[in-house]
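Colleague: What follows is a structure written as structure tokens; I'll ask about it next.
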Amino acid sequence: GLLTRRDRKRLHLAAAAHLTKAFDNEGEEVAEIIAAHLLEALGATRPEEPDHDAVRRRAVAALGRAARHAATIGAPEIALRAYTQAAELSDDHERPELVQAAGEMALQAGRSREAVALLDNAAAAYQQGGRRREAAMTAGPAGRALIRLGHNREAADRITRALDTLTDSDDISPDKARLNAVLGAALWSAGDYEQSAAVLERALAAAEAYERHDVLAAALNSKGTVYALMGRPLEAGSSYGLAIQVALRHGADDVLYLAQGNLANVAVNWDLSGAIDHAEAAIASSRRRGDPHMESITAGVLAHVLLLAGRWDQLDQLTHELLDRRPDRPHAEFLYQARVLLHAARGDGGGADEALGHLTAWEAGHDNVELTAEYDSCVIVARIAQGNAAAALDTALRALPAAVKLLTPAHESVRNSWPDAFGAALHLGRLEDAQTLMALFTDGPPGHIPPYLRAHVARAQALLAAAQGRHDGVEENLHDAVDRFEQLAYPLWLAATRTDLAAWLIDLGRSDEAAPLLRE
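Note that this note's numbering gives residue 295 to position 293 of the sequence shown, counting from 1, and the numbers run on in steps of one.
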């Protein structure tokens, strides 16, 4: 502070030069420190001095290197700040790229609204400079941000307009492939699976033709989700697996953790092995990327496995740690959803209702059919936990047929709430409603019903028959359900079904057969 302005400038420039030479790759490892020295040097340089513009350009370049380095080590917040600073110091030609990069870092950091605003600014700056293609390509990351916000139709419309502005004669050009990969994701998120599949085929063809491996991995990941939402888990798992292979082989880290998380989700929804391993790998990858958005989603997937496996204390600890670590966590709804289910399973109606209060974004729904269904399923289980079976059943009769039709019976919104909804119908003596809920599964193809729900169907058929005063098939179906839940290693429903069977045996005067079931 006692040095003259000229000495401060000289020494900061010397320090920056020394660090650039002393460390590999022009000081990549200490890029942020080099940028700080150059910013100090710029602050000590008067605008009228002949080297002012040269120092400014060096500072902008150093901030860009610091931002890129931060992005590679999973520090998108630091990268966002560096790109923003660089944009503020840049000239009109440099600025749009730096603002766009800042928007992409905001997206990676889970700041979706900020990302859209920055990308809008970048697009406007490109347009002002007559750079229409660059302006159009901002629709890709902006579309991803809008999808995260639940504005799927808006994302699809924005990308479609961008595609219309591209004048490529080749319909499978690399730029069109990149936009189509995001458009496919927007369309399946809005429930338009057939159009999404057609768009993704165009993206895949172009990605392979032009060897754009990041686009190939992204399109394979989205294609897997289309298959999953159409009730085709084997093809979904295959597409996710291919996406993971391509991402690992070609360093597409921004797709890797998405595909890992989706593979975990398919494993959970279809009761396949490896769900915990896939979910933990996805969480680790999202943390390396510094993406709290995907960390929340994949932790929510892991929480579903832990709930079914009876590892409730571990689930409790997982959600508390993540929510405590970052109270403003993006997509914390997935963690609060897990807490609704946990409190409901423990019979804690107050806790379930408190967690439900954090799902207001899902209640709004926008045009995201999945999130609307997820919210309705949470309402059903929370109302059951609060002792309001009638409200739960009314919500189920309204919401579950649409969820089964649009998302398949394997979707977690159906899995999470159907058993409770059926139980509410029996509890209230509304047997016709119970039959209506049963028909959601029994009237469709058996291949669309995952093992967990097949076990519930066997249990439900037995309980409905007993409630109607019919005993044929009750024992066989309950034993079948017990065997299925035992194979799945889902202890809560195994205990519940053994208790059902024991109660039925006691009613028939067969208490000696019931006792071992109750002990178990």
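The beta carbon of each residue, even a glycine, is placed where N, CA and C say it ideally should be. Quick caveat, the model's predicted, so the values are computed rather than measured.
Mind the definition here: the stretch 150 to 167 touches the stretch 177 to 185 only if three or more C-beta pairs lie below 8 Å; say whether that holds.
Modeller: Contact between the stretch 150 to 167 and the stretch 177 to 185 is present, because at least three Cβ pairs lie under 8 Å.
Colleague: Quick check on this structure: which residue in 372, 74, 241 and 399 has the alpha carbon closest to the alpha carbon of residue 202?
Modeller: Position 200 of the sequence shown, counted from the first residue, corresponds to residue 202. With distances taken between Cα atoms, residue 202 lies closest to 241.
Colleague: Cutting at 7 Å between CB atoms, please list the residues of its own chain near residue 217, excluding the five before and the five after it.
Modeller: The sequence position of residue 217 within the sequence shown is 215, counting from 1. Closer than 7 Å at Cβ, skipping near neighbours: 179, 180, 183, 205 and 209.
Colleague: Which residue's Cα is closest to the Cα of residue 342: 311, 305, 331 and 332?
Modeller: Locating residue 342 in the sequence shown gives position 340, counting from the first residue. Ranking the options by Cα distance to residue 342, first place goes to 305.
Colleague: I want to know whether the stretch 352 to 362 touches the stretch 309 to 320 - three or more CB-CB distances under 8 Å.
Modeller: As far as the Cβ criterion goes, the stretch 352 to 362 does not touch the stretch 309 to 320, which means the pair count is below three.
Colleague: At what residues does the alpha helix (DSSP H) containing residue 143 begin and finish?
Modeller: Within the sequence shown, the letter at position 141 stands for residue 143. Counting along the chain, the alpha helix (DSSP H) containing residue 143 begins and ends at 141 to 150.
Colleague: Might you give, ordered along the chain, the residues of its own chain that have their beta carbon closer than 7 Å to the beta carbon of residue 523, omitting 5 neighbours on each side?
Modeller: Because the chain is modelled from 3 through 522, residue 523 falls outside the range shown and cannot be assessed.
Colleague: Could you give the distance in angstroms between the alpha-carbon of residue 359 and the alpha-carbon of residue 170?
Modeller: The residue labelled residue 359 in the question sits at position 357 within the sequence shown. The residue labelled residue 170 in the question sits at position 168 within the sequence shown. The straight-line gap from Cα to Cα measures roughly 49 Å.
Colleague: Start and end of the alpha helix (DSSP H) containing residue 506?
Modeller: Here residue 506 corresponds to residue number 504 of the sequence shown, with the count starting at 1. Counting along the chain, the alpha helix (DSSP H) containing residue 506 begins and ends at 493 to 509.
Colleague: Where are the alpha helix (DSSP H) runs, 4 residues long or more, that stay fully inside the stretch 299 to 359, in chain order?
Modeller: Those alpha helix (DSSP H) runs which fall completely within the stretch 299 to 359 and span 4+ residues are 314 to 327, 335 to 347 and 351 to 358.
Colleague: Just the Cα atoms here: how many angstroms apart are residue 399 and residue 133?
Modeller: What you label residue 399 is simply residue 397 of the sequence shown in a count that begins at 1. What you label residue 133 is simply residue 131 of the sequence shown in a count that begins at 1. Their backbone Cα atoms lie some 52 Å apart in a straight line.
Colleague: For residue 212, which of helix, strand or coil comes out of DSSP?
Modeller: Locating residue 212 in the sequence shown gives position 210, counting from the first residue. In the structure shown, residue 212 sits in coil (DSSP, three-state: anything other than H, G, I, E or B).
Colleague: My assumption, with CB atoms under 8 Å, is that residue 335 sits in contact with residue 363. Please give the rounded CB distance.
Modeller: Position 333 of the sequence shown, counted from the start, is the residue given in the question as residue 335. Position 361 of the sequence shown, counted from the start, is the residue given in the question as residue 363. Contact holds; Cβ gap of about 6 Å.
Colleague: Whose C-beta lies closer than 7 Å to the C-beta of residue 97 among residues of the same chain, with five residues either side of it excluded?
Modeller: Numbered from 1 along the sequence shown, position 95 holds the residue referred to as residue 97. 89 and 127.
Colleague: Less than 8 Å between the C-beta atoms of residue 295 and residue 105, yes or no?
Modeller: As a working note, residue 295 is residue 293 in the sequence shown. As a working note, residue 105 is residue 103 in the sequence shown. Not in contact: residue 295 and residue 105 (Cβ atoms no closer than 8 Å).
Colleague: Looking at C-beta atoms only, is the number of pairs between the stretch 379 to 389 and the stretch 410 to 420 that lie closer than 8 Å three or more?
Modeller: Yes, they touch.
Colleague: Within 10 angstroms of the Cβ of residue 415, are there 16 or more other Cβ atoms? Answer buried if so, exposed if not.
Modeller: Here residue 415 corresponds to residue number 413 of the sequence shown, with the count starting at 1. Residue 415 should be labelled buried.
Colleague: For residue 333 and residue 373, I'd like the C-alpha separation in whole angstroms.
Modeller: Counted from its first residue, the sequence shown places residue 333 at position 331. Counted from its first residue, the sequence shown places residue 373 at position 371. If I take the Cα positions, the gap works out to 11 Å.
Colleague: Please name the residue, chosen from 441, 131, 289 and 384, that lies closest to residue 402 on a Cα-to-Cα basis.
Modeller: In the sequence shown, counting from the first residue as 1, residue 402 sits at position 400. It is 441.
Colleague: Within the stretch 230 to 278, note down every full alpha helix (DSSP H) run reaching 4 residues or more, in order along the chain.
Modeller: Listed in chain order, the complete alpha helix (DSSP H) runs (minimum 4 residues) inside the stretch 230 to 278 are 235 to 252 and 255 to 271.
Colleague: How big is the Cα-Cα spacing for residue 479 and residue 460?
Modeller: Walking along the sequence shown from the start, residue 479 turns up at place 477. Walking along the sequence shown from the start, residue 460 turns up at place 458. Roughly 5 Å separates the two Cα atoms.
Colleague: In three-state DSSP terms, what is residue 522?
Modeller: Working through the sequence shown from its first residue, we reach residue 522 at position 520. Three-state result, residue 522: coil.
Colleague: Using the Cβ count rule (16 or more neighbours within 10 Å means buried), how would you classify residue 24?
Modeller: Here residue 24 is taken as the residue at index 22 of the sequence shown, counted from 1. The residue is exposed, with fewer than 16 neighbouring Cβ atoms inside 10 Å.
Colleague: Let me know if residue 513 comes out buried or exposed under the rule of 16 or more other beta-carbons within 10 Å of its beta-carbon.
Modeller: Position 511 of the sequence shown, counting from 1, holds the residue named residue 513. Exposed, because fewer than 16 other Cβ atoms sit within 10 Å of the Cβ of residue 513.
Colleague: Since residue 386 is in the alpha helix (DSSP H), which residue starts that stretch and which ends it?
Modeller: The residue you call residue 386 lines up with position 384 of the sequence shown. Run containing residue 386: 371 to 387, per the alpha helix (DSSP H) assignment.
Colleague: At a Cβ threshold of 8 Å, is residue 223 touching chain B?
Modeller: In the displayed structure, chain B is absent; only one protein chain is listed.
Colleague: In its own chain, which residues sit with a C-beta less than 7 Å from the C-beta of residue 465, not counting the 5 before and 5 after it?
Modeller: If you number the sequence shown from 1, residue 465 lands on position 463. If we look at residue 465 and ignore the five residues flanking it on each side, its Cβ neighbours are 428 and 502.
Colleague: Pull up the distance between the alpha-carbon of residue 91 and that of residue 145, whole angstroms please.
Modeller: As a first step, residue 91 is located in the sequence shown; it is residue number 89 there, counting from the start. As a first step, residue 145 is located in the sequence shown; it is residue number 143 there, counting from the start. If you take the alpha carbons of residue 91 and residue 145, they lie about 28 Å apart.
Colleague: DSSP state of residue 25, grouped into three classes?
Modeller: Here the question's residue 25 lines up with position 23 in the sequence shown. If DSSP states are grouped into helix, strand and coil, residue 25 belongs with coil.
Colleague: Judging by CA-CA distance, which residue of 155, 349 and 38 is the nearest neighbour of residue 83?
Modeller: Here residue 83 refers to the residue found at position 81 of the sequence shown. Nearest of 155, 349 and 38 to residue 83, Cα basis: 38.
Colleague: Measuring straight from C-alpha to C-alpha, what distance separates residue 258 and residue 248?
Modeller: The residue given as residue 258 occupies position 256 in the sequence shown. The residue given as residue 248 occupies position 246 in the sequence shown. Each residue's alpha carbon lies about 9 Å from the other.
Colleague: Suppose you measure from the CA of residue 434 to the CA of residue 320; what does that come to, to the nearest Å?
Modeller: Within the sequence shown, the letter at position 432 stands for residue 434. Within the sequence shown, the letter at position 318 stands for residue 320. Their backbone Cα atoms lie some 40 Å apart in a straight line.
Colleague: Should residue 11 go down as buried or exposed, given a rule of 16 or more other Cβ atoms within 10 Å for buried?
Modeller: Taking the sequence shown and counting its residues from 1, the one referred to as residue 11 is at position 9. Buried is the call here.
Colleague: Write down every uninterrupted run of the alpha helix (DSSP H) in the stretch 377 to 449 whose length is 4 residues or greater and which is fully enclosed by it, in chain order.
Modeller: Fully enclosed alpha helix (DSSP H) runs of 4 or longer: 391 to 409, 414 to 429 and 433 to 444.
Colleague: Just the C-alpha distance for residue 78 and residue 392, rounded to the nearest angstrom, thanks.
Modeller: On the sequence shown, residue 78 is found 76 positions in, with the first residue counted as 1. On the sequence shown, residue 392 is found 390 positions in, with the first residue counted as 1. Spanning the two alpha carbons is a distance of roughly 47 Å.
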